[in-house]
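Student: The structure under discussion is supplied below as structure tokens; questions concerning it will follow.
Residue numbers (the numbering used here): 132 to 448.
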């Protein structure tokens with residue numbers, strides 16, 4: 132009997148993904164390598180004269196450590212924490228609420244659309260809206276003064292607390308809807324049989340959420356936190372527009388990307404490249420920490436059971 136030749140369709144798969152790899156190589160990989168290369172060079176513009184590129188080694192990296200970069204990094208983390216903590220907390224609460232089969236919410240699709248709508252608004256438009264609303268002569272101050280709650284308008288953007296609170300609140304409003312939708316999808320992927328079995332065993336709502344829902348949505352939760360960290364380190368448009376690019380008051384809302392943008396404006400490509408490398412390293416470290424914290428190395432509990440048995444055997448001895 133003749134052997135039938137096996138037909139391989141793998142080449143078609145490679146052909147279909149080839150455009151992506153070509154685009155990634157041209158528009159991402161080459162610029163990334165060029166950024167790393169420029170970070171080791173002195174390359175800037177002084178007036179109409181361009182200086183460099185001259186190889187200076189790690190001089191740009193050392194200069195950044197001596198600058199205000201660490202302070203701007205602290206600002207970035209503070210602004211991210213202000214927006215992310217209520218974002219993930221409320222998103223988990225709403226996701227659990229909307230997916231609870233006991234609670235019959237009428238018009239659930241309407242509420243989902245309303246929750247997600249702020250994510251569709253451009254960040255620049257959002258920042259301009261808040262800049263107008265919370266200015267000294269804006270609607271918020273006018274309403275509070277007309278009600279007699281204030282005698283003088285509050286300068287929201289003239290204080291460190293006010294500016295940071297507004298930026299954090301805007302980031303929360305823009306992204307909590309997207310986070311809620313993703314967590315809802317993760318919870319809806321859990322079999323209802325698991326929840327029904329927990330109810331039969333007398334498990335209350337809090338225990339069901341903490342010991343069943345949260346561990347089973349851990350992969351999506353890790354993805355959400357990693358993307359939130361990357362987005363937080365790239366925070367630019369909201370504080371840039373709200374503070375007119377100055378990071379006022381006293382540079383307390385100046386982020387790392389705003390600092391990077393100032394180097395690009397001055398055509399200092401060497402410093403901008405070094406700062407980009409720093410951001411890449413910090414992003415990688417933070418994402419690795421989050422991944423290790425949220426990764427479950429013992430999904431079936433076998434390792435924990437083996438450790439318990441080993442402890443019991445040691446006690447008996």
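Each residue gets a CB set at the ideal place from its N, CA and C atoms; glycine is no exception. Predicted model, so just to flag it, every value in this text is computed and none were measured.
Return the residue from the list 231, 335, 304 that minimises the CA-CA distance to residue 245.
Tutor: Within the chain shown, numbered from 1, the residue matching residue 245 stands at position 114. Answer by Cα proximity: 304.
Student: Please classify residue 185: does DSSP put it in a helix, a strand, or coil?
Tutor: Position 54 of the chain shown, counted from the first residue, corresponds to residue 185. Residue 185: strand per DSSP, three-state reduction.
Student: Where does residue 173 fall in DSSP's three states?
Tutor: Numbered from 1 along the chain shown, position 42 holds the residue referred to as residue 173. Three-state DSSP puts residue 173 in a strand.
Student: Cα separation between residue 440 and residue 415?
Tutor: Position 309 of the chain shown, counting from 1, holds the residue named residue 440. Position 284 of the chain shown, counting from 1, holds the residue named residue 415. For residue 440 and residue 415, the distance between alpha carbons rounds to 37 angstroms.
Student: From residue 313 to residue 354, what distance separates their C-alpha atoms?
Tutor: To locate residue 313, count along the chain shown from 1; it is residue 182. To locate residue 354, count along the chain shown from 1; it is residue 223. Between residue 313 and residue 354, the C-alpha separation is close to 10 angstroms.
Student: Report yes or no: do the region 381-399 and the region 196-206 share at least 3 C-beta pairs separated by less than 8 angstroms?
Tutor: As far as the Cβ criterion goes, the region 381-399 touches the region 196-206, which means the pair count is three or higher.
Student: In chain order, which continuous runs of the alpha helix (DSSP H) of length 4 or greater are located wholly inside the region 216-256?
Tutor: 239-247, all fully within the region 216-256.
Student: Keeping to the same chain, check which residues put their C-beta closer than 7 angstroms to that of residue 352; ignore five residues upstream and five downstream.
Tutor: Taking the chain shown and counting its residues from 1, one reaches residue 352 at position 221. Answer for residue 352: 425, listed in chain order.
Student: Nearest by alpha-carbon distance to residue 255: which of 390, 369, 280 is it?
Tutor: Taking the first residue of the chain shown as 1, we reach residue 255 at position 124. Nearest of 390, 369, 280 to residue 255, Cα basis: 369.
Student: Using 8 angstroms for Cβ pairs, my map puts residue 251 next to residue 409. What's the rounded Cβ distance?
Tutor: If you number the chain shown from 1, residue 251 lands on position 120. If you number the chain shown from 1, residue 409 lands on position 278. About 32 angstroms separates the two Cβ atoms, so there is no contact after all.
Student: So is residue 279 buried or exposed if we call it buried at 16+ other beta carbons inside 10 Å?
Tutor: Within the chain shown, residue 279 is the residue found at index 148, counting from 1. With fewer than 16 Cβ atoms within 10 Å of its Cβ, residue 279 is classed as exposed.
Student: For residue 282, name the three-state secondary structure that DSSP assigns.
Tutor: Translated into positions along the chain shown, residue 282 becomes position 151. Coil.
Student: Can you list, in chain order, the residues of its chain whose CB lies under 7 angstroms from that of residue 249, leaving out five sequence neighbours each side?
Tutor: Residue mapping note: residue 249 aligns to position 118 of the chain shown, counting from 1. Counting only Cβ-Cβ distances below 7 angstroms, and skipping sequence neighbours, we find 304, 305, 308.
Student: Starting from the C-beta of residue 390, find all residues in its chain whose C-beta is less than 6 angstroms away, skip the five residues before and the five after it, and write them out in chain order.
Tutor: Sequence index remark: in the chain shown, residue 390 carries index 259 (1-based). Within the same chain, residue 390 has close Cβ partners 203.
Student: Terminal residues of the continuous alpha helix (DSSP H) containing residue 371?
Tutor: What you label residue 371 is simply residue 240 of the chain shown in a count that begins at 1. Residues 368-373.
Student: Quick test of the definition: if touching needs 3 or more C-beta pairs under 8 angstroms, does the region 171-182 touch the region 256-266?
Tutor: Contact fails: fewer than three Cβ-Cβ distances are below 8 angstroms.
Student: Going by beta carbon distance, what residues of the same chain come within less than 7 angstroms of residue 299, once the five residues before and after it are set aside?
Tutor: Position 168 of the chain shown, counted from the first residue, corresponds to residue 299. Excluding positions up to five away in sequence, the list reads 210, 213, 214.
Student: Between residue 397 and residue 166, how many whole angstroms is the CB-CB distance? I'm expecting something under 8 angstroms.
Tutor: Numbered from its first residue, the chain shown carries residue 397 at position 266. Numbered from its first residue, the chain shown carries residue 166 at position 35. That belief does not hold up - the Cβ atoms of residue 397 and residue 166 are roughly 17 angstroms apart, past 8 angstroms.
Student: To which residues of the same chain is residue 221 closer than 6 angstroms at the C-beta, ignoring the five residues directly before and after it?
Tutor: Here residue 221 refers to the residue found at position 90 of the chain shown. Hits under 6 angstroms: 307.
Student: Going by the beta-carbon positions, is the gap between residue 192 and residue 399 smaller than 9 angstroms?
Tutor: Position 61 of the chain shown, counted from the first residue, corresponds to residue 192. Position 268 of the chain shown, counted from the first residue, corresponds to residue 399. Cβ distance not < 9 angstroms, so residue 192 and residue 399 don't count as in contact.
Student: When DSSP labels each residue in this structure, what does residue 180 get in the three-state scheme?
Tutor: On the chain shown, residue 180 is found 49 positions in, with the first residue counted as 1. Of the three classes helix, strand and coil, the one that applies to residue 180 here is strand, per DSSP.
Student: Can you tell me whether residue 169 is buried or exposed? The criterion is at least 16 other CB atoms within 10 Å of its CB, across all chains shown.
Tutor: On the chain shown, residue 169 is found 38 positions in, with the first residue counted as 1. Residue 169 should be labelled buried.
Student: Could you check whether residue 363 and residue 207 sit closer than 9 angstroms to each other, using their CB atoms as the reference points?
Tutor: Residue mapping note: residue 207 aligns to position 76 of the chain shown, counting from 1. Residue mapping note: residue 363 aligns to position 232 of the chain shown, counting from 1. Cβ distance < 9 angstroms, so residue 207 and residue 363 count as in contact.
Student: Give me the Cα-Cα distance between residue 148 and residue 161, rounded to the nearest whole angstrom.
Tutor: Reading the chain shown from its first residue, position 17 is the one you call residue 148. Reading the chain shown from its first residue, position 30 is the one you call residue 161. If you take the alpha carbons of residue 148 and residue 161, they lie about 19 angstroms apart.
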